[in-house]
Each structure stands twice: as structure tokens, then as C-alpha cells.
Amino acid sequence: MHDSKLFQLLKVLSEPELRRLKLFLKSPFFNTNAHILKLYQVLRKDHPYYQSKNLSKEKVYQKVFPGTDYHHQKLLNLMSNFTALLKDYLRNIQLEKTAHLQDRLLLQSFAERPLAYETFEREMFKADRELDKGTVRDSIYFQQKFWLGQSYCNHPATDKFKLSPEVYEASMEQLDQWYILEKLLLSCEMKAREKPLSENHRIWLLQEISEKAYDFREDAPVIMAYLEILELLETEETVSYTRLKDILWRNFADFTRLQQQQILQCLINFTILRGNQGEQLFLQENLELYQFGLTAGLFLEHGMLNDMQFINIVNIALRTGATQWCQKFIREHKKRLDPRARKDAVSLANALWLYKTQQAETAINLLQEVDFLNVYYQIQSRVLLLKIFYESFQQDLNYFELINAQVESFERYLRRNEQLADHKKEGLLNFALAVKRLIRLQMELQNSDQERTKMRRQLEQQIPVYNKSWLLNQI
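Residue numbers for the sequence shown follow my numbering, beginning at -5 and rising by one.
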């Protein structure tokens, strides 16, 4: 019973939603089975985990049907009916959040009734006016505009001979804008995957769509943003980054939250790329973008912060020297992490902070206490240990065997790892090979400045290399 579909659905409800469910079940419009309400009252005490021993089928049955013998199929039928009602409830509360779907359903109900044409026409124009009052011009807006226009044109009672050509032209334009926005959005997502995941996507009509999109860029700022994202992904030029950032700042309130997140993440990815190439100014720019996103709440989903995002913010804060801000960030945001990932994420974050604040020994002890489950945490932990052991080796050559064993082990680990994208693996392998070269330079008796200068020049030109700025500082 603990693994039933009913329990799985009940677990997703928040406490306020669970309370409202009682009102839903008490309404005879939705539910006419009093036993379902009794079952709800029995189960709700164990929300949200539903792991109590009192929730065995026999015990639940006796509470719902007291004084009767246990009937397995009867309980299964009741649970099945409750599950169906629960799905109806979820549909209803979701519909409350989507005004355009409510308008559609209402208009469809009028359109299907022969005597309701005047009401349909009045409500259709009202919905169209309400739609235009909003400032957001996203794909949902253009889709709804197209749907409203077509519903009016195709209604049997509409006199099509009196419709002007402009009505049809407007519908075609709205269809184009809807399609262009969806095409550009998906194109941005696919193009963003190409380098990090070693993919190559040929997108049909992308050039033609992009050219046509310029005709509509003033109507929808998000079109300008998507076009600039594609340009930035293609050219990786600073001028495209600057234009995209300007579009976000100037039109921030006109974008949906999802669009804000997409544009901000693209800007962040670019600054990470440039920062990893050794351009220090972009590191500070990256931290400022993260801080903006935190202030605007763009990294939170249902009040939770993704643990990988959490670690990324810690890393960039430490790379820019914002150690006090970073410590405060870890303290204030760790409670927003998923409990399943919290221990590993906070341990790694604290280890990174300890290393940056010259507490390497404490960082080593902390890392050795945790068995990281996430492959990216494993990599960051290994890289951090390599950096600590190499810096110790610089001070004391007796650390040679330890650092040499660590870097050999890390290289084998990377070559065997099939979860990493080729681009990321290449950058990490180049890091490991660079550390091995630094070790050789350190051990050579005739350690000439010429050899170090040669390595520095090669490293500066090499792409990709993980932790390039740290490597350059060791030469």
C-alpha cells in the first residue's frame, strides 16, 4: 500500500493543497462517495511521508469500514476512485493558474451552443482585449491571439464574407510569431548543448526563421534575445554578450520568469567560458550575474536551490576572492538544498572555502570524511586534493610520491569515466597533464626559466584547460 499510486500523488501535495482537497472531496459536484472522504481523513495524518505502520491495508480498511470483514478488492476500488478524483483535483488547481486555458474552455462551451453566438462573440473580444493589456509577448500570447482569431473566423455563425483581409493577415502573422518563438527557443537549447555535449544539430530552416524574426523583433523583445543568444553561441564574441545583457536589463519586466532564467543562464555560461580562458574581468562579471539571479529569485524552484548551482556560485565567489560573501552564502542557502544532496554539497562547499582561506589540512580531513555520490563532486574533490598536494610538494619534495600517485590515479579515473562529455573530459585531462608537467619541472635540477616560460605560453594558448588560472599561478 505504501507504494500505491494514491500515496505517490498525495505526497506531491503541499499542506495548503492537502487542506483544500478536503473541500473538493466534500463537494457533491465532484464526489458522491462518502467513503473516499473517510479514507482521506485516515491518510492525511501521515502526510507527507505515508510510512506509518498504521497504514497497512487491513488497518486502513477497518478505519474506513468499521465492523466489517476485510475485503481486498473493495479497498482497491476505493483507492482507485480516490486516485481518479485526486487527478481531477490537480487538473483543477492547475487550471486556476492558466487564465488563457480558462478563456479557451469558456469560449469553446459557447461555440458549441447554437444560441450562444452573441455571448461567444462578446467574450471572444473581451478575452482578446485582456490579452493585449499584458506586457509579456511570449509564444503563449501569440498562440492565444491566433487561436482567438481562428475561433472567430471559423465559427459557423460568423459571416466570412464580411471579414476583412486584415483579419486573416493578422492571424497568419500571429501564427508566424508563435512558430518563430518556439523554433528559436528550441534552437537556442539545442545549440547550447553542442559544445559541452559534443553534439551537432542541423536545424531545418533556422537561417530563414532567423531572418524572418527580425521583422517581428520590435513586437517581442524575447525574439531579439533569442536571436542574440544564437549569435553568442555561434561567435562567442563579447559584443554579442554585451547586447544580450542590455536586452535583459532593458526588458526584464517584459520577460516571463522562464525567459529571464534562460537569458541569464546564457550570460552566465559565457562569462564562465571566458573566465576559464583566463580573462579575470569575466569572473567578477560572472559573480555579479549570480548575485543578481539570487536577488531576483531566478535560481529557486519551489523554494529549493539546485545543488550544482550552489557549488558553481561557491566556486566563482572564491575565485574572485569574495570569501566573506561566500561563507555567508553557504550558511544562508544550505537550507534551500534538497536534503538528499545537502550533505555532499555543503561538505564540498566548505572544503573549497577552507582551501581558499589557507586551511588546507582541515579541507583534506573534511573531504576524506565524505563519499561523494555525484560524479562532478567526485571530480571537484579530486581536483582540490591535487591542488593541495601539489602546493605541499612545492614546499617539500618529499610529497613527490603522493602527488604523483594522485595525478596518475586522477588521469586513469578520467579516461575510464563514460559519464563526462568529451569537452569536459578534455579540459580535465589537460589539467591533469599540466600538473604532471609541473611536477617534472619541479623535480628537474636544471629548472630553467626558459622551460617555465615555454609552458606558460603553451598553456595560455591551450583550450580547453580546467583551472587554467591556478595552473598559470604555479609556473
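Idealized CB from N, CA, C, for every residue including glycine. Bear in mind that the values here come from a model prediction, so they are computed numbers and not experimental data.
- For residue 232, the enclosing alpha helix (DSSP H) begins and ends at 232 to 245.
- When rounded, the separation of the alpha-carbon atoms in residue 105 and residue 414 is 54 angstroms.
- Across the set 277, 423 and 210, the C-alpha of 210 shows the shortest separation from the C-alpha of residue 132.
- Our two residues, residue 232 and residue 292, have alpha carbons roughly 24 angstroms apart in a direct line.
- Counting along the chain, no alpha helix (DSSP H) covers residue 198, and no H or E run does either.
- In this structure, residue 419 lies away from residue 270, with their beta-carbon atoms at least 8 angstroms apart.
- Rounded to the nearest whole angstrom, the C-alpha separation of residue 185 and residue 204 is 14 angstroms.
- Assignment of residue 299 by DSSP, reduced to helix, strand and coil, places it in the strand class.
- Within the segment 333 to 416, the complete alpha helix (DSSP H) segments of 4 residues or longer fall at 333 to 350, 354 to 362, 369 to 389 and 394 to 410, listed in chain order.
- A distance below 8 angstroms between beta-carbons, with the five flanking residues on each side excluded, links residue 388 to the following residues of its chain, in chain order: 436 and 468.
- For residue 148, there is no enclosing alpha helix (DSSP H), as DSSP marks it with neither H nor E.
- Taking all protein chains shown into account, residue 258 has 16 or more neighbouring C-beta atoms within 10 Å of its C-beta and is therefore buried.
- Residue environment: residue 315 is assigned as exposed (fewer than 16 neighbouring CB atoms within 10 Å of its CB, all protein chains considered).
- The Cβ neighbour count for residue 345, taken over all protein chains shown within 10 Å, is at least 16; the residue is labelled buried.
- Its chain contains 301 and 368 as the residues whose beta carbon lies nearer than 8 angstroms to that of residue 335, once the 5 sequence neighbours on both sides are disregarded; these appear in chain order.
- Straight-line measurement puts the Cα of residue 450 at about 11 angstroms from the Cα of residue 432.
- Here residue 195 is exposed, its C-beta having fewer than 16 other C-beta atoms within 10 Å.
- When the beta-carbon positions are compared, residue 25 and residue 79 come within less than 8 angstroms of each other.
- DSSP places residue 292 in the coil class of the three-state scheme, outside both helix and strand.
- When the alpha-carbon of residue 95 is set against those of 118, 383 and 283, the nearest one is in 118.
- Counted as a single uninterrupted DSSP element, the stretch harbouring residue 43 is not any alpha helix (DSSP H), since DSSP gives it neither H nor E.
- Counting along the chain, the unbroken alpha helix (DSSP H) around residue 1 starts and ends at -1 to 5.
- Per the Cβ contact rule, the segment 70 to 89 is in contact with the segment 13 to 24 (3 or more Cβ pairs under 8 angstroms).
- In this chain, residue 315 is not harboured by any alpha helix (DSSP H), its DSSP state being neither H nor E.
- For residue 281, the closest C-alpha among the options 68, 263, 310 and 417 is that of 310.
- When the five nearest sequence neighbours on each side are left out, the beta carbons in the same chain lying within less than 6 angstroms of the beta carbon of residue 307 are those of 284, in order along the chain.
- Put simply, the backbone Cα of residue 193 is about 22 angstroms away from that of residue 456.
- Residue 290 and residue 254 have their C-alpha atoms spaced approximately 10 angstroms apart.
- Closest in alpha carbon position to residue 379, among 331, 362 and 370, is 362.
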